[in-house]
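To keep things clear, I will list the structure first and then write my remarks on it.
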Amino acid sequence: MAIRASRRWQAASVLALAAIGAAACGGGAGGGGGGGGSSSKTVTVAVVANPDITQMEQLISNFEKQNPGIKVKFDTLPENQERSEIQKDISTNGGLYDVVMISNYETPIWAKNGWLDNLSTKFINSDSSYDVSDLLPPIANSLSYNGGLYSVPFYGESSMLYYRTSMLKAAGITLPQHPTWAQVAAAAAKLNKPGKVAGICLRGENGWGENLATLDTVINTYGGSWYNTSWQPQLTSPATESAVNFYVNLVKKDGEPGAANDGFTELLTLYEQNKCAMWYDSTVAAGSISAVPSVFKDTSYAFAPTEKTPASGWLYTWSLGIPKDSANQANAWKFVSWATSKPYLQLVGQKLGWAQVPPGSRTSTYTNPNYAKAASAFASVTEQSINSVNQAKATVPKVPYVGIQFVDIPQFEDLGTSVSNQIAGAIAGSESVSQALQASQQDAVPVGQAQK
Amino acid sequence: MTVIEQVTRRAQARRVTPRAPSTRQRWTRRLPLLPALIYMIVITQIPFIVTLWYSLQNWNLTSNARAKFTGLSNYGSVFTNANYRSSLLVSVEMTAVAVIVSMVLAVALALLLNQKVLGRGVARTLLITPFLIMPVASALLWKTTMLDPTYGLVNWLLSPFGVHHVAWLSTHPLGSIIIVLIWRWTPFMTLIVLAGLQGQPLDVLEAARVDGAGAFVIFRRMIFPHLRPYIELGTLLGSIYIVNTFDEVYSMTQGGPGTSTTNMPYYLYEQAFQAYNIGGAAALGVVTVIIVMIIATFALRLIASVFRFEEAVG
């Protein structure tokens, strides 16, 4: 019997490992062989799956015609997977990618870690055809480290308030171009018709890029912050707590039902289906709404609502950088400069329509008469929103970090995820705001200590 | 267990002991299996050993620091971490409720499907369908077309009964996921139980009926004891699969709201791909493997007993 038992145990181990081994090892097994290497003419690009990138993939033959012999290979992944693929590759010097699409969250951190090329000194300063002064200044600043650009923007966004002109008119409400949150909340209370139309649609879904993006702009403008100058967490400070209470109560009372599961995609659908009277979200949504003419015609735009700061919009950009370990640097820059250039934006306008031009990267987009005509309703609010952002001074008190809808430290992805979980719990009503913030504060302590 | 033991003993008694094969014979028999075995070891055991090694390292991909050997400290933090304990509890609750409810439903459905009724073939095919749909696709369907507070079919169906605009995934997140799991796994269990039912000789049941046994007594005294090993097998196989549930959590709730639906696999995913804490995630993986291994041992013992049982019957 003993022999049989031990065999059975062995067999059990094999079965169990087959069942879960793959899942368990997934995290560690990455970072393997470097594929893109040795002076090949193929540029391997990791990009995020979104409509602007799909356009680029359609237009890539234009680049390959201009640069005979160079082939571009896209590795297109959903946002979360793309992030972790690149993170694995770049931190283990995998050398798999010649170009990576990253945001203003990663760029300064990775530049500091020495993982990215300094594009300014390596390419831009000696490439007169690349009009670097045309990049929108706040976007370019957010992608800089010690005065050098470490990635260049493909598109950029801030946040703004969308509202249905006819619904506000019917309720006798007028909103100023620069509303306060108090005005927005009062309007939401009047506009909310439970079961038919939500007064205001706001993000509640888990994820540091989901509910925390909108909530952080509210915390900032209410005078709250993540940390004080000595890196002590401020998530339970009166200012932060009042901001979170305001946000959570607003969503619960006059927001969409089931908000704790709604992120950008869900809200875009609700707004396009006439289920939101107002919606506070990314400026990039304007382009998507334009695909639904009846809603688009009835939409007005206001700047991100404020309380104590002059502006409160966030700043986000998808940009292209070149990993230091890429063996194909010169060709990589040829591709990066093509995809983020003025001629590329022209090409999109001519080939695919001016409303489809990736917004928020270059000043010249907003002075282009064709673009102004196609995007007249929202172009100026978008441009002014981005230009009024000051990433280094987004909060009322002095803070030791950079970032509006994030804290630009490596641990934030983890900390932000757990805090956003707590906030979603408070929105769902499974815990109170003060419980959620107490738990978040505890998570934030060791992260703060690690910064000193 | 007594029935199985009796049957097993009888089966063993009846078995003729063959002449023991020589070493050479044994190896010629094994030889054709070797490539598969080696392949299996390469793709499952080597990564596992590497994972064991990672689990002893302090290695976080977000920092520039090289991996450092830290001994068992990652395991220490696994067990002291409140989030891991809560994910363990969520996993246990999710698995236990989903398995028990699907098994009860499966027995009922299998008994129905075992009757000779019109359209039995169609009913069986329809019943098995949920198990054949890709988990991600069915999870998204449940999230958007069924449970959505604004457009969901569930709210629409319940609205005549005074239920209005319930945000299922916000107010009952774990319950919603468990319902989807039950919907998905009941067919699997039904198939196993149905196979068991069809293996039961009808003459015995008929004899019982002639002797004047009622339907309930027949089920309780004859059908259920016969089904027991099949029910146990279904329960254990189901448990192993449901403990590993990831798709539903990832696509319906992302582990939230709060941490109410963060089970072990999703927590592991967060540690590996959001915190980039490779050492910690590897330790989590190893602990999870050990837990599943314990369950799998029981499962295998049962599979063995079912085979012996069939030998005895056949």
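Sequence lines, in order, name chains P and G.
Numbering-wise (my numbering), the first sequence opens with residue 266 and increments by one.
Numbering-wise (my numbering), the second sequence opens with residue 6 and increments by one.
Glycine included, C-beta positions come from ideal geometry on N, C-alpha and C.
To the nearest angstrom, report how far apart residue 419 of chain P and residue 582 of chain P are at their CA atoms. Within the first sequence, numbered from 1, the residue matching residue 419 of chain P stands at position 154. Within the first sequence, numbered from 1, the residue matching residue 582 of chain P stands at position 317. Between residue 419 of chain P and residue 582 of chain P, the C-alpha separation is close to 7 Å.
Could you say which of P:544, P:597, P:559 lies nearest to residue 360 of chain P if we only look at CA atoms? Taking the first residue of the first sequence as position 1, residue 360 of chain P is located at position 95. Taking only the C-alpha atoms, the option nearest residue 360 of chain P is P:597.
Have a look at the DSSP bridge pairing and note the partners of residue 613 of chain P. Taking the first sequence and counting its residues from 1, the one referred to as residue 613 of chain P is at position 348. Answer is none; residue 613 of chain P lacks a bridge partner.
Could you check which residue in G:132, G:180, G:57 has the C-alpha nearest to that of residue 114 of chain G? Residue 114 of chain G sits at position 109 when you count from the first residue of the second sequence. For residue 114 of chain G, the nearest C-alpha among the options comes from G:132.
State the Cα-Cα distance for the pair residue 373 of chain P and residue 491 of chain P, rounded to the nearest angstrom. For the purposes of this step, residue 373 of chain P is taken as the residue at position 108 of the first sequence. For the purposes of this step, residue 491 of chain P is taken as the residue at position 226 of the first sequence. Residue 373 of chain P and residue 491 of chain P: Cα-Cα distance of roughly 19 Å.
Run through DSSP, which three-state label would residue 579 of chain P get? On the first sequence, position 314 is the one that residue 579 of chain P refers to. Coil, per DSSP.
Reduced DSSP secondary structure (H/G/I, E/B, other) of residue 292 of chain P: Residue numbering aside, residue 292 of chain P sits at position 27 when the first sequence is read from its first letter. Legend: pLDDT at residue 292 of chain P = 36, less than 50; position of this residue unreliable, value from coordinates given subsequently. Of the three classes helix, strand and coil, the one that applies to residue 292 of chain P here is coil, per DSSP.
Looking at the unbroken beta strand (DSSP E) that takes in residue 167 of chain G, where does it start and where does it end? As a working note, residue 167 of chain G is residue 162 in the second sequence. No beta strand (DSSP E) contains residue 167 of chain G, which DSSP labels as neither H nor E.
Is there a Cβ of chain P sitting closer than 9 Å to that of residue 81 of chain G, yes or no? As a working mapping, residue 81 of chain G is identified with position 76 in the second sequence. By this cut-off, residue 81 of chain G is not an interface position.
Could you tell me if residue 268 of chain P is buried or exposed, where buried requires 16 or more neighbouring beta carbons within 10 angstroms of its beta carbon? Here residue 268 of chain P is taken as the residue at index 3 of the first sequence, counted from 1. A caution first: residue 268 of chain P carries a pLDDT of 40, below 50, which makes its placement in the model unreliable, though a value can still be read off. Exposed, because fewer than 16 other Cβ atoms sit within 10 Å of the Cβ of residue 268 of chain P.
For residue 594 of chain P and residue 78 of chain G, the rounded distance between their alpha carbons: Numbered from its first residue, the second sequence carries residue 78 of chain G at position 73. Numbered from its first residue, the first sequence carries residue 594 of chain P at position 329. Roughly 41 Å separates the two Cα atoms.
Which value, in whole angstroms, describes the spacing of the CA atoms of residue 72 of chain G and residue 488 of chain P? Translated into positions along the second sequence, residue 72 of chain G becomes position 67. Translated into positions along the first sequence, residue 488 of chain P becomes position 223. Distance between the alpha carbons of residue 72 of chain G and residue 488 of chain P: 39 Å.
Does the beta carbon of residue 679 of chain P come closer than 9 Å to any beta carbon on chain G? Position 414 of the first sequence, counted from the first residue, corresponds to residue 679 of chain P. So, interface residue.
At the 9 Å Cβ level, is residue 136 of chain G part of the contact set with chain P, yes or no? Taking the second sequence and counting its residues from 1, one reaches residue 136 of chain G at position 131. So, not an interface residue.
Counting beta carbon pairs with one atom in the segment 175 to 185 of chain G and one in the segment 220 to 234 of chain G, are three or more of them shorter than 8 Å? no
Can you pull the chain G residues whose beta carbon is under 9 Å from the beta carbon of residue 535 of chain P, in chain order? Locating residue 535 of chain P in the first sequence gives position 270, where the first residue counts as 1. Result: 155.
Contained alpha helix (DSSP H) runs [length at least 4] in the segment 429 to 472 of chain P, N- to C-terminal order: 430 to 435, 446 to 456
Pairs of beta-carbons, one from the segment 383 to 400 of chain P and one from the segment 610 to 622 of chain P, closer than 8 Å: are there three or more? no
Chain P residues whose Cβ lies nearer than 8 Å to that of residue 44 of chain G: The residue given as residue 44 of chain G occupies position 39 in the second sequence. The premise fails here: residue 44 of chain G is roughly 11 Å from chain P at the closest Cβ pair, so nothing lies under 8 Å.
So residue 689 of chain P contacts chain G; which residues on that side make the cut at Cβ distance below 8 Å? As a working mapping, residue 689 of chain P is identified with position 424 in the first sequence. Ordered by position in chain G, the residues that pass the 8 Å Cβ test against residue 689 of chain P are 261, 262, 263.
Considering only DSSP beta bridges, list what residue 422 of chain P is partnered with. Start at 1 with the first residue of the first sequence, and residue 422 of chain P comes out as number 157. Answer is P:581, bridged to residue 422 of chain P.
Going by beta-carbon coordinates alone, are residue 245 of chain G and residue 304 of chain G separated by less than 9 Å? Sequence index remark: in the second sequence, residue 245 of chain G carries index 240 (1-based). Sequence index remark: in the second sequence, residue 304 of chain G carries index 299 (1-based). Cβ atoms of residue 245 of chain G and residue 304 of chain G: closer than 9 Å.
Can you grab the Cα-Cα spacing for the pair residue 290 of chain G / residue 259 of chain G, in whole Å? Numbered from 1 along the second sequence, position 285 holds the residue referred to as residue 290 of chain G. Numbered from 1 along the second sequence, position 254 holds the residue referred to as residue 259 of chain G. So the two alpha carbons sit approximately 19 Å from each other.
Which residue from P:366, P:358, P:416 puts its Cα closest to that of residue 376 of chain P? To locate residue 376 of chain P, count along the first sequence from 1; it is residue 111. That would be P:416, whose Cα lies nearest to the Cα of residue 376 of chain P.
Under three-state DSSP, which class holds residue 399 of chain P? As a working mapping, residue 399 of chain P is identified with position 134 in the first sequence. Residue 399 of chain P: helix per DSSP, three-state reduction.
When we look at the beta-carbon of residue 32 of chain G and count the other beta-carbons within 10 Å, is it buried (16 or more) or exposed? Against the second sequence, residue 32 of chain G aligns to sequence position 27. By the neighbour-count rule (16 or more Cβ atoms within 10 Å), residue 32 of chain G is not buried but exposed.
Nearest-angstrom Cα separation, counted from residue 96 of chain G out to residue 254 of chain G: The residue you call residue 254 of chain G lines up with position 249 of the second sequence. The residue you call residue 96 of chain G lines up with position 91 of the second sequence. Taking the straight line from one Cα to the other gives about 11 Å.
By Cβ distance below 7 Å, which residues in the same chain neighbour residue 249 of chain G in space, the five residues on each side in sequence not counted? In the second sequence, counting from the first residue as 1, residue 249 of chain G sits at position 244. The residues are 270.
So with CB distances below 7 Å, who are the chain P contacts of residue 275 of chain G? As a first step, residue 275 of chain G must be located in the second sequence, where it is residue number 270. 682, listed in chain order.
Just tell me which of P:396, P:623, P:533, P:658 has its CA closest to the CA of residue 647 of chain P. Numbered from 1 along the first sequence, position 382 holds the residue referred to as residue 647 of chain P. It is P:623 whose Cα lies nearest to the Cα of residue 647 of chain P.
Output needed for residue 62 of chain G: all residues of its chain with C-beta closer than 7 Å, excluding positions within five of it in sequence on either side, in chain order. The residue you call residue 62 of chain G lines up with position 57 of the second sequence. For residue 62 of chain G, where only same-chain residues beyond five positions count, the Cβ hits under 7 Å are 72, 73, 74, 75, 284.
Alpha-carbon spacing of residue 364 of chain P relative to residue 118 of chain G, whole angstroms: Counting from 1 along the first sequence, the entry for residue 364 of chain P is found at position 99. Counting from 1 along the second sequence, the entry for residue 118 of chain G is found at position 113. Spanning the two alpha carbons is a distance of roughly 58 Å.
Which residue wins for smallest C-alpha separation from residue 665 of chain P, given the options P:343, P:629, P:578, P:498? Residue numbering aside, residue 665 of chain P sits at position 400 when the first sequence is read from its first letter. Of the listed residues, the one whose Cα sits closest to residue 665 of chain P is P:498.
Residue 673 of chain P by DSSP, collapsed to three states: which one? Looking up residue 673 of chain P in the first sequence gives position 408. In the structure shown, residue 673 of chain P sits in coil (DSSP, three-state: anything other than H, G, I, E or B).
Please work out which residues of its chain come closer than 6 Å, Cβ to Cβ, to residue 325 of chain P, disregarding the five sequence neighbours upstream and downstream, and give them in chain order. Taking the first residue of the first sequence as position 1, residue 325 of chain P is located at position 60. Only 337 meet the Cβ criterion.
Contact with chain G by residue 479 of chain P, beta-carbon distance below 9 Å: Within the first sequence, residue 479 of chain P is the residue found at index 214, counting from 1. Not an interface residue.
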